[in-house]
Amino acid sequence: MKSILDASSTQTSANAFHLRCGRHLLDLSFPHVMGILNVTPDSFSDGGQHVALDDALRHAERMLAEGAAIIDVGGESTRPGAEPVSSQQELDRVAPVIEALVRELDALVSVDTSCPAVIREAGELGAGMINDVRALEREGALLAAVGSGLPVCLMHRQGEPQNMQQAPAYQRPIEEEVADYLARRIAECEAAGLRRNRIIIDPGFGFGKTVEHNLRLLKYMETLQTLELPVLVGMSRKSMIGKVLGRPIEERLAGGLALTAMAVERGANILRVHDVGDTVDAVNMAWAVLQEGCEPSLNKESNV
């Protein structure tokens with residue numbers, strides 16, 4: 065099994081701590097890979113491929129074997145132009161998968177959702193994390209997240225999937241806009257009872273941003289370190305790669321690995337990707353350079 069390299073004793077990042085994710089404990093003193101498991105018919109890259117429960121389980125099993133520390137399960141597509149689904153439809157898609165991943169694979173499961181009902185049910189089924197592209201802004205979501213006791217990833221976006229890529233624009237440099245939005249949202253969540261040590265942030269590449277916005281945001285991603293919270297990054301197979309390199313979705317791996325290495329250098333703690341094995345190698349290599357060491361460790365995530 066491949067695995068992310070261990071952190072050296074010289075690691076001094078403010079993000080170096082353990083994150084309690086339900087019954088799992090995630091060491092964030094070094095970067096982890098999160099494998100994407102979409103159980104939707106219309107996601108931009110893998111829609112319809114893992115809708116059947118057995119297909120979803122086998123794909124998750126492969127990603128875990130390749131070194132994924134987290135499996136991110138999504139039941140609503142948030143690609144540009146995607147239409148919303150009902151809470152019941154989303155729950156019907158993800159609940160059996162969450163339950164099976166926890167029971168059969170003992171996986172650390174993240175649930176990609178903005179729906180209060182899904183947040184509540186996911187926690188009861190054993191999920192360890194909530195990943196919300198709407199940063200808990202949907203009515204009832206923040207209360208549900210607080211009640212779940214789980215860590216939550218808050219993502220920056222502009223607009224909704226149906227309209228977010230229709231001429232996105234910002235008044236100030238994108239990295240400042242993103243950092244300020246996340247700072248405000250963190251404060252609002254803390255005021256509602258979500259403890260700061262349960263918050264992860266995501267700059268939201270591709271969510272209401274032009275190619276130029278995305279490139280600058282990665283270039284200056286270290287700006288987010290001022291928030292002193294773990295950073296999750298998702299750029300896998302996205303259109304920013306296709307537009308820069310002129311590559312279709314199935315030929316974007318090389319570009320994505322380059323972005324991964326740069327994200328790790330700029331402080332990313334979690335890399336959300338489709339191609340787990342290759343990304344683990346890229347993260348390991350980037351981390352070895354940053355730490356000036358290359359001793360692997362096969363067991364980075366502990367269960368208690």
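Take 65 as the starting number for the sequence shown in this note's numbering and just add one per residue.
Idealized CB from N, CA, C, for every residue including glycine.
Given the structure is predicted, the values throughout are model-derived calculations rather than measurements.
(message) Comparing C-alpha positions only, which one of I238, A133 and A352 sits nearest to E329?
(response) A352
(request) Take E130 as the anchor and find which of T104, V295, S150 and H96 has the nearest alpha-carbon. (result) H96
(request) Would you list the one or two residues that DSSP bridges to G99? (result) I135 and V337
(message) According to DSSP, simplified to helix, strand and coil, what is R84?
(response) strand
(message) Can you look up W351 in the DSSP assignment and give me helix, strand or coil?
(response) helix
(request) Consult DSSP for C179 and reduce its assignment to one of helix, strand or coil. (result) coil
(request) Assuming I135 and V197 form a contact by the criterion Cβ under 8 angstroms, report the distance between their Cβ atoms to the nearest whole angstrom. (result) With 8 angstroms as the limit, I135 and V197 do not qualify as a contact, their Cβ atoms being about 17 angstroms apart.
(request) May I ask you to report which of helix, strand or coil DSSP gives L296? (result) strand
(message) For V166 and A186, what's the separation of their Cα atoms in angstroms?
(response) 11 angstroms
(message) I'd like the list of long-range same chain contacts for V275, defined as Cβ closer than 8 angstroms, with 5 residues on each side in sequence excluded.
(response) S303, M304, K307 and V308
(request) Could you have a look at L218 and say whether DSSP puts it in helix, strand or coil? (result) strand
(request) Give a yes or no on whether the C-beta atoms belonging to L214 and I265 are separated by under 8 angstroms. (result) no
(message) Since G223 and G272 should fall inside the 8 angstroms C-beta cutoff, what is the C-beta to C-beta distance between them, to a whole number of angstroms?
(response) 5 angstroms
(message) I'd like to check one pair, L101 with V369: are the Cβ atoms closer than 8 angstroms?
(response) Nothing can be reported for residue 369, as the shown portion of the chain is limited to 65 through 368.
(request) Label E286 either buried or exposed according to how many other C-beta atoms from any shown protein chain fall within 10 Å of its C-beta, with 16 as the threshold for buried. (result) exposed
(request) Have a look at D156 and V216 and give me their C-alpha separation to the nearest angstrom. (result) 22 angstroms
(message) Tell me the rounded alpha-carbon separation between D147 and V297.
(response) Sequence check: residue 147 is Glu here, not Asp. Whole-angstrom Cα-Cα distance: 23 angstroms.
(request) For R249, count neighbouring Cβ atoms within 10 angstroms of its own Cβ and tell me buried if that reaches 16, exposed if not. (result) Buried, because 16 or more other Cβ atoms sit within 10 Å of the Cβ of R249.
(message) Using the three-state DSSP reduction, which class does D170 fall into: helix, strand or coil?
(response) coil
(message) Using only the alpha-carbon positions, how far apart do A231 and E356 sit?
(response) 43 angstroms
(request) Helix, strand or coil for L92, going by three-state DSSP, please let me know. (result) coil
(message) What does the alpha-carbon distance come out to for the pair I194 and T104?
(response) 18 angstroms
(message) Mapping the DSSP letters down to three states, classify N261 as helix, strand or coil.
(response) helix
(request) Buried or exposed for A191, please, with buried defined as at least 16 other CB atoms from any protein chain shown within 10 angstroms of its CB. (result) buried
(message) Measuring straight from C-alpha to C-alpha, what distance separates G112 and V161?
(response) For G112, the predicted model reports a pLDDT of 46, less than 50, meaning its position is unreliable; a value from the coordinates is still stated below. Between G112 and V161, the C-alpha separation is close to 14 angstroms.
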